[in-house]
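Presented below is the structure to which this report refers.
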Amino acid sequence: MIDITLPDGTVRPFENNVTPMDVAKSISEGFARNVISASFNGTTVETHTPLTSDGALILYTWNDKEGKKAFWHSSAHVLAQALEELYPGVKLSIGPAIENGFYYDIDLGDQSLSDKDFKTIEDKMLEIARGKHEFSMRSASKADALSLYKSQNNEYKVELIENLEDGTITFCDHDTFTDLCRGGHIPNTSIIKAVKIMSVAGAYWRGDEKNKQLTRVYGISFPKQKDLTEYLHLLEEAKKRDHRKLGRELELFTFSSKVGQGLPLWLPKGAALRERLEDFLKKAQKKAGYEMVVTPHIGQKELYVTSGHYAKYGADSFQPIHTPVEGEEFLLKPMNCPHHCEIYNAKPFSYKELPKRYAEFGTVYRYEQSGELHGLTRVRGFTQDDAHIFCMPDQLDEEFKNVIDLVLYVFGSLGFENFTAQVSLRDPNTPEKYIGSDENWEKAEAAILNAAIDKGLDYVVETGEAAFYGPKLDFMVKDALGRSWQLGTIQVDYNLPERFDLTYKGSDNELHRPVMIHRAPFGSMERFIAILLEHTGGNFPLWLMPTQAIVLSISEKYEKYAEKVLNLLENDEIRALADNRNETIGKKIREAEMAKIPYMIIIGEQEEKENKITVRQHGGEDLGMISVEDFKKIIDTEVNKTLKTFKQ
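Each residue of the sequence shown is one higher than the last, beginning at 4 in my numbering.
Laid out in structure tokens, this is it:
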């Protein structure tokens, strides 16, 4: 007998050679029908793999991340089989599961493949899937594996096998198809009910442009047709909400090849939007006891060598700036924290003066590869809503919890209600990735876990996701389309205070080391605005909208009254514009709708006569004829629904 430990901690005895599927059936037949993958003692296994020792078993369904990975990995095998049957002589290379779906890189030789062929490939994949072919793993010697692919003249598989150790090589078979594979499959092909080929692209073998360019076929699959239908609908909605598209339409930002890739230019409306976000956070920060500081965009190389950022970012970032002085080098700053450490070091502190909370909207620079740049979500220059708290160890718990409160206030004011927290810890198996002592890491990790528990956060623990200088608490927010984004981060750092020799004089009149908290509720202004754009579809909370109302006069006769209304709105601090063009009122309304202006104020003969306004809401709802004072109350009520006063 062997003992199997289930995720809830239950330990159950089973006969030797029991399979994960047998265990699933012992729990419930209904549950077993949904199990598609498993892991045993942390290693991915097939659902029919015999288990021969005690261990921890996790059973995955489609609803689990690992379940989807196995589903899409298996689908990549089916895609490869379909391509082999449809394109005789094609050479396969690699085909992994990715975040959404899978791909397979192939060498088509003289053949070609385009979007006209997608339906044929999909039909072939579904035909194979209906065969209910089991996925079966087997070992092979290196000699046999090489012989197989050399006989097929497949230099890609040969190269992969040559880099493997004999005794570690396995294949996966299903139907008439076999492929070099490490494992991790669904029980059989029939679980795949819906398939969509998404695109084709060029991809250099092993990502090296010196190698041959292969054809990469992207696909996605689901266990139900309705899941595919919903996914495609979300994709269409995502296209409409793409922040790059909305940014152009709403005139928020642009890019220029002359300025450089990944360096956004903020247009007047976008700059005003940023300013309101900054003012919003500055107001809350002031109540929470933060002091604003300003630091330069560059620093001496030695500053970032001391902090460890040069070792982390130096090789892959902007190269040093050389001055006329021999040997003098500066860097565009990759992070604000070293500068804030030096601000702290500018004077001695007593324990009575701590904590010190320094905040800055500081722009930093990273040389992202051109292929990784994407609108505002991946840029080379971005502004962080950075702050660093220097406190005594016994103040750490309270300060960390206060930052959590600030992050939750930001999310609530901007409509991000669906989120989980992620406690990111170091990977004990790769200590070389981190700086600092084990003792400091253990204290920092414990502080974050305790704060997450005390604040009642819904959190998960991710090992290996910590920053190189300390563990962190990241907030994973789901947007209106159900996509997950990392927004907001809080980090505990015992290491930079040591590297910069930061001290304070304690009540014992001795010098002590402060603890440092890094925090950024937005993360970066660029990325946050991009995600907010896609979350809201450009319909920002009213308090944040660049233009809250637009006054539309029916004809030139009512321009004076329109100007009077505009002045009244501006006096009440309502951001408004007037459209007095010689255009039809219908056209003006359509354009205001496209610009996503929340309220349209119609001015005509009756409105002027009664000294009132007719209000139409974005989306078409008519609020009727009301006074300007009543309209102001509508604005105030809506703003106050989301923009609460921050209370520390």
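Quick reminder that beta carbons are idealized off the backbone N, C-alpha and C, glycines included.
Keep in mind the model is a prediction, meaning the values are calculated, not measured.
For residue j and residue i, the rounded distance between their alpha carbons
i	j	result
A85	N66	27 angstroms
L284	V406	12 angstroms
G365	C344	14 angstroms
D113	C184	27 angstroms
K153	R209	19 angstroms
K229	N166	42 angstroms
K122	K199	8 angstroms
S320	M24	49 angstroms
I301	S310	14 angstroms
S630	R486	42 angstroms
K647	V308	42 angstroms
F543	L417	8 angstroms
Q288	V518	20 angstroms
L217	A206	5 angstroms
Y1	P500	Absent from the model: residue 1. The displayed extent of the chain is 4 to 651, so no value can be given.
I392	R360	4 angstroms
E168	Y437	30 angstroms
D245	K599	15 angstroms
A143	G186	13 angstroms
A27	L111	42 angstroms
I592	D582	10 angstroms
Y497	Q489	24 angstroms
P733	L249	The shown model of the chain, from 4 to 651, leaves out residue 733, and the question about it has no answer.
S224	E632	55 angstroms
E586	E239	33 angstroms
E363	R516	23 angstroms
M548	G439	45 angstroms
V296	K336	16 angstroms
Boundaries (first-last residue) of the alpha helix (DSSP H) holding residue i
i	result
V538	It is worth fixing the name first, because residue 538 is His in this sequence and not Val. M528 to T539 is the span of the alpha helix (DSSP H), which, as asked, contains H538.
F634	V631 to T645
A349	Here A349 belongs to no alpha helix (DSSP H), and DSSP marks it neither H nor E.
H188	Element bounds for H188: n/a, residue is neither H nor E.
D230	Q228 to R244
L60	Looking at the DSSP string, L60 is not in any alpha helix (DSSP H); the run it does join, the beta strand (DSSP E), is G58 to T64.
F34	E32 to N37
T309	K304 to S310
R277	P271 to K290
K446	D441 to D457
Candidates the options: closest to residue i by CA position
i	options	result
K355	F333, M395 and L376	M395
I577	V568, R584 and N583	V568
I532	I101, H51, L253 and Y313	L253
K94	A100, N103, I101 and Y107	Y107
F43	Y313, T22 and F321	T22
V161	L235, G170 and A146	A146
G627	K647, D639, I605 and T640	I605
L116	L89, L163 and Q303	L89
E608	K636, Y564, V297 and T587	Y564
V410	A291, Y472, G92 and L428	A291
S556	G541, K590, P91 and A204	K590
E613	Y561, K336, Q651 and T218	Y561
Q620	V642, A595, K644 and K636	A595
F352	E513, G330 and S259	E513
I451	E435, A469 and K243	A469
I505	I7, S31 and A349	Contrary to the premise, residue 505 reads as Leu rather than Ile in this sequence. L505 has its Cα closest to that of A349, out of I7, S31 and A349.
L276	W546, D120, M4 and E573	W546
K72	T52, V48 and D126	V48
A552	S558, E559, L571 and P53	L571
Endpoints, beta strand (DSSP E) assigned at residue i
i	result
L335	E332 to L335
A148	Per DSSP, A148 belongs to no beta strand (DSSP E); it is in the alpha helix (DSSP H), K145 to S154.
I520	V518 to A523
I7	I5 to T8
L195	Looking at the sequence provided, one finds Ile at residue 195 rather than Leu. Note, I195: premise wrong, no beta strand (DSSP E); not H, not E.
Any C-beta of chain C under 8 angstroms from that of residue i
i	result
G467	Judged by its chain identifiers, the structure shown contains no chain C, having just a single protein chain.
**Prompt:** Is there contact between the stretch 185 to 205 and the stretch 131 to 140, where contact requires at least three CB pairs shorter than 8 angstroms?
**Reply:** They touch, by the three-pair rule.
**Asked** Does the stretch 254 to 273 come within contact of the stretch 376 to 389, defined as at least 3 CB pairs closer than 8 angstroms?
**Response** Taking a cut-off of 8 angstroms on C-beta distances, the stretch 254 to 273 touches the stretch 376 to 389, as three or more cross pairs fall below it.
**Prompt:** Within the chosen definition, does the stretch 462 to 473 reach the stretch 414 to 430 through at least 3 CB pairs nearer than 8 angstroms?
**Reply:** They touch, by the three-pair rule.
**Prompt:** Which whole runs of the alpha helix (DSSP H) in the stretch 538 to 618 are 4 residues long or more, in chain order?
**Reply:** Scanning the stretch 538 to 618 from its first residue to its last, the whole alpha helix (DSSP H) runs of 4-plus residues come out as 562 to 574, 588 to 597 and 608 to 613.
**Request:** State whether the stretch 479 to 490 contacts the stretch 428 to 447, with contact taken as three or more CB pairs (one from each stretch) at a distance under 8 angstroms.
**Result:** Inter-segment contact for the stretch 479 to 490 and the stretch 428 to 447 is absent: fewer than three beta-carbon pairs are separated by less than 8 angstroms.
**Message:** Under 8 angstroms, with one C-beta from each stretch per pair, do the stretch 321 to 330 and the stretch 372 to 379 reach the 3-pair mark?
**Reply:** Result no; under three Cβ-Cβ pairs closer than 8 angstroms.
**Message:** Using a Cβ distance threshold of 8 angstroms, determine whether the stretch 516 to 534 contacts the stretch 487 to 502, with at least three qualifying pairs required.
**Reply:** Contact check between the stretch 516 to 534 and the stretch 487 to 502: three or more CB pairs, one atom from each, fall below 8 angstroms, which counts as touching.
**Item:** Meets three-Cβ-pair contact criterion under 8 angstroms: the stretch 532 to 551 and the stretch 389 to 404
**Value:** At 8 angstroms Cβ cutoff, the stretches do not touch.
**Request:** Give, in chain order, every unbroken run of the alpha helix (DSSP H) that is at least 4 residues long and sits entirely within the stretch 338 to 423.
**Result:** As far as the stretch 338 to 423 is concerned, its whole alpha helix (DSSP H) runs of at least 4 residues are 340 to 347 and 399 to 416.
**Message:** For a minimum of 3 consecutive residues, which ranges assigned as the beta strand (DSSP E) are wholly contained in the stretch 469 to 502?
**Reply:** Counting only runs of 3+ residues, the beta strand (DSSP E) found wholly inside the stretch 469 to 502 occupies 475 to 481 and 487 to 496, in chain order.
**Request:** Would you mind listing the alpha helix (DSSP H) stretches within the stretch 83 to 130 that are 4+ residues and don't spill past its ends, in chain order?
**Result:** Whole alpha helix (DSSP H) segments, 4+ residues: zero.
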